[in-house]
Each structure stands twice: as structure tokens, then as C-alpha cells.
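Novice:
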Amino acid sequence: MAPEEIVLYGPREAPYTEKVRRALVLKGLRFELREPTRAEDYAKWSPETGLLPVMTIDGQLTSDSTSILMQLDRLYPDPPLLAKDATIAAQQRTLEDWADESFLWYFMKWLNFRGEHAVAATNVGQNQQASRQYAEEQQRPLGRLRRITAWLRAGGTWERPETAILRGLSDRLGDLVNFLGARPFFYSDRVSIADLAVYGMLLTMRRDSIPGSQQLLASRPSLVEFMRRVERETGG
Ligand SMILES: N[C@@H](CCC(=O)N[C@@H](CS)C(=O)NCC(=O)O)C(=O)O
């Protein structure tokens, strides 16, 4: 029987794509990565949700990174993406969810603060253009007003919104350090869905997607080492 044709559609830069890409590598599967080049690619490739990544196996579509990982584990169980022990597997699932949702929340808050709602545009690599627009806006009185409004909305404190976001991120990194403890991977000594999700999020920080986040990560050596371990297991 001919091997299945596996195609992963998604921006390589996105944490969710990275999570799935590394799962495919871990399982030793051959696949093609197709990256969007236009905003329309999202709706075309992902008719159900408009979100990427999606994966097709011989044309059969699965959306959402978590469902994709579950589907891969069903079809190609070796090596497994969840621990055999049901309690540990439940912890891994919970952490996967937590990583996907909590870091995204800070990222959305950052985009919102920056006055940048074009998430899709950011995802196809227009970050620099967005930053330029932001800098230009700051020069105009209306830009300053928007900034003050965002500042007040960030909780009514006089803490700058970007400081509040970085403080929150720093707390979440502290949580991860505690969850990891002295183990090589979360709750286990093998890579699971939890590690792939956390890795994707930490990668966006290592790239300094939210300015200052790279520094926060660098100050947590156990997480820096954790990323290296995931990279050793999933193709560098
Ligand atoms: N829960 C989804 C999230 C996927 C997601 O948010 N994808 C972003 C790219 S990182 C996207 O497609 N954004 C396009 C949009 O919001 O229109 C998953 O785990 O796959």
C-alpha cells in the first residue's frame, strides 16, 4: 500500500503549527508543510473555522492542533503523545490546554494594546509593517488617546499595559518552572502533547514576539534547557 500523503497547512511561525509539525517529526512521518501567503488561504484551507493549522491525510481534513495531535496518535500510535498512566495523561491534556489558552491570552492582549487587530495579517508575517504603523500612530494625538484608553482598560492601574503583560507572562513562566520540576518533560520522561504545546508558546517568546518576553524566558534556565530537550527529540 502506498504511504498516506500528509499535508500540514499553517504558518510555520505560529505556535500551533509548530506544535503539530514537531509531533509529525517525533512520529517519523513524512509530510509537506504548506504556508499561507494570502489572508484568503485561511478560509480556503480551513473552511470550518478559518483557523490554521489544519492537516489532511489523503485529502481527509482535521482542524485544530489538539484534534490533529489526537488523530495522529490514533493512526500512528508509536511513539505515543500521551502517557499510558491515565492520571498522568489527564495532567498532560490539561497542561496542553492551559498552554494553548493562557499564552494566547497574553498575546491577544498585546495585539489589542498595540491597536493591532489584524491577527491574520500578523500571522502571515506582516509584523514589521504593523510595528511601523504603531510607531506612526504614536506620533498623532489620536494615537496617544487610544494608548491612554488601552492603558486605563488594562485594569485601571497606573502600571503600563506592556509591563502588566510581561508581569503576567513572567508569572506563567514561573508556573511552568514549578510544573516541570526536576523532570525532563512535563509529568513524564517522554515528550507528550503538553511539551509540544508549551514548546510552541515558549518559541514565540524566544523570538521576542512580545518585546521583553525573550529576556523573561532567558532568565528561566530550566525552561531554556527544556526547549533544547524537545528540539533534540523532534528534529532540532
Ligand atoms: N485552537 C486552534 C487555534 C488556531 C489559531 O488560533 N490559529 C491562528 C494562527 S496562530 C489563526 O488561524 N488565525 C487566523 C484568524 O484569527 O483569522 C488550534 O489549536 O489550532
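Residue numbers (this note's numbering): 38 to 273. Note that the Cβ used here is the ideal one computed from N, Cα and C, for glycine as well.
#1: Could you tell me the alpha carbon to alpha carbon distance between Ile185 and Arg197, rounded to whole angstroms?
#2: From Val91, Gly218 and Lys81, pick the residue whose C-alpha is nearest to that of Ala51; which is it?
#3: Answer with buried or exposed for Glu55, where buried requires no fewer than 16 other C-beta atoms within 10 angstroms of its C-beta.
#4: Hey, quick one: how far does the beta strand (DSSP E) through Ser100 stretch, first residue to last?
#5: Is Tyr53 near ligand 1 - that is, is its Cβ less than 7 Å away from at least one heavy atom of it?
#6: Report buried or exposed for Thr241, applying the criterion of at least 16 other Cβ atoms within 10 angstroms of its Cβ.
#7: Taking 7 Å as the cut-off, is the C-beta of Thr103 nearer than that to any heavy atom in ligand 1?
#8: What are the boundary residues of the alpha helix (DSSP H) that includes Tyr113?
#9: Could you tell me the distance, in whole angstroms, from the CA atom of Arg75 to the CA atom of Pro48?
#10: Pull up the DSSP beta-bridge partners for Met92, would you.
#11: Let me know if Ala234 comes out buried or exposed under the rule of 16 or more other beta-carbons within 10 Å of its beta-carbon.
#12: Would the beta-carbon of Leu45 be found less than 7 Å away from any heavy atom of ligand 1?
#13: Using DSSP with H/G/I as helix, E/B as strand and the rest coil, what is Phe144?
#14: Between the beta-carbon of Leu118 and the beta-carbon of Ser259, is there less than 8 Å?
#15: Report yes if the CB atom of Val261 is closer than 8 Å to the CB atom of Asp232, and no otherwise.
#16: Under DSSP, the beta strand (DSSP E) around Arg266 begins and ends at which residues?
#17: Can you tell me which of Asp212, Ala219 and Pro116 puts its alpha carbon nearest to the alpha carbon of Gly65?
#18: Tyr143 and Leu89: beta carbons closer than 8 Å?
Specialist: On the basis of the supplied data:
#1: Distance from the CA atom of Ile185 to the CA atom of Arg197, rounded to whole angstroms, is 10 Å.
#2: Nearest option by C-alpha distance: Val91.
#3: Result: buried.
#4: Segment Gln97 to Ser100, the beta strand (DSSP E) holding Ser100.
#5: The answer is yes for Tyr53.
#6: Thr241 should be labelled buried.
#7: Within the cutoff, so yes.
#8: Tyr113: not part of any alpha helix (DSSP H); DSSP gives it neither H nor E.
#9: Spanning the two alpha carbons is a distance of roughly 11 Å.
#10: Leu45 and Thr99, per the DSSP bridge assignment.
#11: Under this definition Ala234 is a buried residue.
#12: With a cutoff of 7 Å, Leu45 does not count as near ligand 1, since its C-beta is closer than that to no heavy atom of the ligand.
#13: Assigned with DSSP and collapsed to three states, Phe144 falls in helix.
#14: It is not a contact, given that the beta carbons lie outside the stated cut-off.
#15: The answer is no: Cβ separation not under 8 Å.
#16: Premise fails: Arg266 lies in the alpha helix (DSSP H), Pro258 to Glu270, not in any beta strand (DSSP E).
#17: Per the Cα distances, Pro116.
#18: With respect to the 8 Å criterion, Tyr143 and Leu89 are not classified as neighbours on the basis of their beta carbons.
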